[in-house]
Amino acid sequence: MYHPTSRVLAVLELLQARPSITGPELAERLEMDVRTIRRYIMHLQDVGIPVESNIGRHGGYRLRPGFKLPPLLFTEEEATAIMLGLLGTSWLEIGQSAVAVEGALAKVSRVLPLRARDRLQAISSHLFFFSPQQDGRPDVSLLITLSEAVGQRQRVLLDYRSPRDQNTRRKVEPYGIVGWDGRWYLVGYCCLRQDMRTFRLDRIQRAEPLDEPFEREEEFDCRAYVEKQYATDRSARYRIRVEFRTSLYTLQQRIPSTYGTLTPTANGVMFECQYDHLEGQARYLMSLNLPFVIHEPPELRETFRQLAAQMLQVADAAPPSEVGPE
Numbered sequence: 067m068y069h070p071t072s073r074v075l076a077v078l079e080l081l082q083a084r085p086s087i088t089g090p091e092l093a094e095r096l097e098m099d100v101r102t103i104r105r106y107i108m109h110l111q112d113v114g115i116p117v118e119s120n121i122g123r124h125g126g127y128r129l130r131p132g133f134k135l136p137p138l139l140f141t142e143e144e145a146t147a148i149m150l151g152l153l154g155t156s157w158l159e160i161g162q163s164a165v166a167v168e169g170a171l172a173k174v175s176r177v178l179p180l181r182a183r184d185r186l187q188a189i190s191s192h193l194f195f196f197s198p199q200q201d202g203r204p205d206v207s208l209l210i211t212l213s214e215a216v217g218q219r220q221r222v223l224l225d226y227r228s229p230r231d232q233n234t235r236r237k238v239e240p241y242g243i244v245g246w247d248g249r250w251y252l253v254g255y256c257c258l259r260q261d262m263r264t265f266r267l268d269r270i271q272r273a274e275p276l277d278e279p280f281e282r283e284e285e286f287d288c289r290a291y292v293e294k295q296y297a298t299d300r301s302a303r304y305r306i307r308v309e310f311r312t313s314l315y316t317l318q319q320r321i322p323s324t325y326g327t328l329t330p331t332a333n334g335v336m337f338e339c340q341y342d343h344l345e346g347q348a349r350y351l352m353s354l355n356l357p358f359v360i361h362e363p364p365e366l367r368e369t370f371r372q373l374a375a376q377m378l379q380v381a382d383a384a385p386p387s388e389v390g391p392e
């Protein structure tokens with residue numbers, strides 16, 4: 067339940083966020099009656115906050131134009147939500163600057179009361195996020211560029227690298243961005259294929275907004291589209307079961323929950339997932355640097371043998387300077 071002071075500050079936050087807002091709108095947002103809203107408005111005016119009110123059909127409340135307040139203090143619940151979000155940026159697989167994240171964490175921590183600061187320090191010291199796909203992160207500037215194009219309903223020109231490493235140029239009408247299964251996807255209408263498509267953000271080499279507006283299909287659900295595509299693809303994937311000789315806690319720090327299931331066993335932890343590219347999965351499993359035993363599929367064993375042969379070939383290859391004359 068809100069404390070009265072917190073509610074007054076919440077009214078002030080809404081006034082800063084909107085050019086104008088009515089009493090009934092404030093009452094609905096804050097789950098209180100209109101009379102209480104009027105009383106809180108009077109509290110703000112009494113402490114010198116220039117809240118103006120207009121009476122009539124289109125009336126409401128607003129802060130005097132040009133008036134700006136310094137940032138307000140966060141409640142402990144709000145600060146916790148912000149810090150968890152900042153700490154989880156690596157989990158989101160976005161190439162956000164570590165300097166920006168650390169700076170924001172420091173600023174949030176600095177404005178907190180001592181008790182709340184100590185509690186959040188305990189959270190940040192013992193909460194770990196691990197993202198193995200460091201090379202696959204989309205740059206945050208790309209995410210911003212595409213998001214603006216989605217919001218303004220402008221076409222974008224993409225330089226895109228296909229799964230077969232072929233570079234193509236696509237004109238796309240962007241509908242939305244969806245995070246799914248450890249990846250970020252742009253969902254949109256591809257003018258080249260004349261159909262809806264998904265584009266992995268880590269494969270987009272360049273995105274150029276075009277001065278070409280488009281009409282979006284309002285009922286289209288980007289999330290449902292990606293879910294449907296994913297469900298369709300799963301039927302053709304390999305079912306992978308690998309048993310790691312380590313603790314559940316250790317694996318939880320290494321493998322995101324979206325990558326598969328982790329089940330404790332008598333000998334360690336069983337990792338189960340579905341994947342369509344065995345070589346990529348084999349390289350990922352090796353990158354974890356933990357002992358494991360393959361249960362299925364048998365094709366995964368053969369994939370490891372092929373990779374081992376390639377590694378031996380590389381290890382045995384002599385540099386050009388060491389090759390003797392024929």
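So the sequence shown is numbered by the numbering used here: it starts at 67 and just counts up by one. Yeah, the Cβ is synthetic: ideal placement off N, Cα and C, and Gly gets one too. This structure is a prediction, so every number in the text was calculated from the model and none was measured.
- When DSSP assignments are scanned along the segment 308-375, the uninterrupted stretches of alpha helix (DSSP H) that are 4 or more residues long and fall wholly within it turn out to be 314-320, 344-353.
- Assigned with DSSP and collapsed to three states, Ala145 falls in helix.
- For Phe337, the closest of Arg371, Glu345, Pro357 by C-alpha to C-alpha distance is Pro357.
- Linking Arg266 to Ser86 through their CA atoms gives a straight-line distance of about 40 angstroms.
- Taking Arg272 as the centre and dropping the five residues before and after it, the same chain places the C-beta of Asp225 closer than 6 angstroms to its C-beta, in chain order.
- Note that the segment 369-379 does not touch the segment 304-322; fewer than 3 beta-carbon pairs, one per stretch, sit closer than 8 angstroms.
- About 5 angstroms separates the CB atoms of Val244 and Cys288; that is less than 8 angstroms, so the two are in contact.
- Restricted to the segment 85-124, the alpha helix (DSSP H) segments that are unbroken, complete and at least 4 residues in length are 89-96, 100-112, listed in chain order.
- Assigned with DSSP and collapsed to three states, Glu285 falls in coil, not helix or strand.
- Taken atom to atom, the span from the alpha-carbon of Arg249 to that of Met262 is near 18 angstroms.
- For Gln218, there is no enclosing beta strand (DSSP E); the residue is part of the alpha helix (DSSP H) that begins and ends at 206-218.
- By the C-beta density criterion, Gly126 is buried, having at least 16 other C-beta atoms within 10 angstroms.
- Taken through DSSP and simplified to helix, strand or coil, Asp231 comes out as coil.
- Beyond the five residues adjoining it in sequence on each side, Ile360 comes within less than 7 angstroms, by CB distance, of Val308, Leu366, Arg367 in the same chain, given in chain order.
- By the Cβ neighbour-count rule, Phe310 is buried, with 16 or more other Cβ atoms within 10 Å of its own.
- In the assembly as shown, Arg259 is an exposed residue. Its beta-carbon has fewer than 16 other beta-carbons within 10 Å.
- Excluding sequence positions up to five before and after Arg183, its CB lies within less than 6 angstroms of the CB of Ser175, all in the same chain and listed in chain order.
- Look at Pro386 here: in three-state DSSP terms it is helix.
- Within a 10 Å sphere around the beta-carbon of Gly254 sit 16 or more other beta-carbons, which makes this residue buried.
- For Tyr241, the closest C-alpha among the options Thr264, Arg227, Gln232 is that of Thr264.
- Of all alpha-carbon atoms in Asn120, Asp112, Ser353, the one lying nearest the alpha-carbon of Gly89 is that of Asn120.
- Here Thr312 is actually not in contact with Gly326; their C-beta atoms are around 15 angstroms apart, not less than 8 angstroms.
- Under the three-state reduction of DSSP, Leu223 is assigned to strand.
- The alpha carbon of His109 has as its nearest neighbour, out of Val74, Arg371, Gln232, Gly151, the alpha carbon of Val74.
- Looking at the backbone, the Cα of Glu91 and that of Arg181 are separated by about 35 angstroms.
- The bridge partners DSSP lists for Thr264 are Val253.
- In the three-state reduction of the DSSP assignment, Arg73 falls in the helix class, which pools H, G and I.
- Cβ neighbours of Ala83 within its own chain (closer than 7 angstroms, five residues either side excluded): none.
- Its chain contains Leu344, Glu345, Ala348 as the residues whose beta carbon lies nearer than 7 angstroms to that of Thr369, once the 5 sequence neighbours on both sides are disregarded; these appear in chain order.
- Annotation for Leu129: the continuous beta strand (DSSP E) segment containing it runs 126-129.
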